[in-house]
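The block underneath contains the structure these notes are about, expressed in structure tokens.
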Amino acid sequence: MMSTYNMVKQEFIKKWITTLHMLDCSVEHPLNVTERKNAIKLSSDIAMAAARSGSTVWSRALISRSGNKTANKPVARRILKKARNRLKNRCLTLRRNGNFTAKSGVRKRTELLKSLVPGGELIKNKDYLIRETLDYIVYLRAQVDVMRTVAAVDSVTGNLTNDNK
Amino acid sequence: MSNRRSSRQSSSAPRISDDQMIDLVTKLRQILPEIGQRRRSDKVSASKVLQETCNYIRSLNREVDNLSERLSQLLESVDEDSPEAAVIRSLLM
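Residue numbers (full-length UniProt numbering), protein chains in the order written: chain E, 1 to 165; chain W, 1 to 93.
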């Protein structure tokens, strides 16, 4: 299972580099800290979803959700369009779940889980929801691990900068 | 994974079955060391497991947010041609 997880991370890294480049080309520099943060997060989320080959609800919902945030970024829209087209043939129309009041603890927490997993609110079958959740968590973990590694660079480059100067 | 399959099996039962819970817990144990502490193999509290799962997802999302913030601040002072940028690039490769 470890090697599979490493493959997930590798795939995420590859996709993240692409999305970072594409977003970088399409935004007006210089960015302020918040704009850059949003661009980083957006590119990271799109990369995570794009890294998931195959048709999971969460990845498609995440790409769809990210589409709303890229209204002003034509290049980002191109990535999303590419990702959506790849999945078009395996596209499934998910019906919207009806509203129902959550009574028991399990019901209530299942609803909560549905709200946390992208596209979860569209999944009626609990078995399916659990499978999607587990899949989503693996990719989320990979996203965090990679971003953590990159963020840790500052302690490394601190030394490098001194050497180069 | 078609829509038809999931609608055929749409469960309106208020509780997740024991089999599903055991499956979920087994898989989650591999990912979340904290859940592994629970030794009650039969009656696993579905509610508790769901709650921990939700908490975990929330904390991961928070971390992504924090890391995005941190990376943004990190890159604030980085020129495209600087050694830092080169290191980041090589790390990502």
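Note that beta-carbon positions come from the ideal geometry of N, C-alpha and C, so glycine has one too.
It should be emphasised that the depicted structure is a prediction, and the values quoted were computed from it without experimental measurement.
From this set, E/GLY105, E/VAL153 and E/GLN143, which residue's C-alpha is nearest E/LYS15's C-alpha? Measuring C-alpha to C-alpha distances from E/LYS15 to each of E/GLY105, E/VAL153 and E/GLN143 identifies E/GLN143 as the nearest.
Compare the C-beta of E/ASN99 with all C-beta atoms of chain W and state if any pair is closer than 8 Å. Below a pLDDT of 50, predicted positions are generally treated as unreliable, and E/ASN99, at 37, falls in that range; the measurement from the model is reported next regardless. No - not a single Cβ of chain W is within 8 Å of the one on E/ASN99.
C-beta neighbour in chain W for E/THR19, strict 8 Å: Taking 8 Å as the CB threshold, E/THR19 stays off the interface with chain W.
Does the separation of the CB atoms of E/SER66 and E/LEU42 fall below 8 Å? yes
Can you give me the C-alpha to C-alpha distance between E/ILE13 and W/TYR56, rounded to a whole angstrom? 22 Å
Under a Cβ-count criterion, where at least 16 other Cβ atoms within 10 Å of its own Cβ denotes burial, should E/MET7 be classed as buried or exposed? exposed
Look up E/ARG36 in the DSSP assignment and say whether it is helix, strand or coil. Under the three-state reduction of DSSP output, E/ARG36 falls in the helix class.
Do W/VAL49 and E/SER44 come within 8 Å of each other at the CB atom, strictly closer than that value? One thing to note: E/SER44 has its Cβ no nearer than 8 Å to the Cβ of W/VAL49.
Minimum C-alpha distance to E/ASP135 - residue among E/SER55, E/MET147, E/THR110 and E/VAL150: E/SER55
Which of helix, strand or coil does DSSP assign to E/GLY120? helix
Do you know offhand how far E/ASN125's Cα is from E/LEU20's? 35 Å
May I ask you to report which of helix, strand or coil DSSP gives E/THR56? coil
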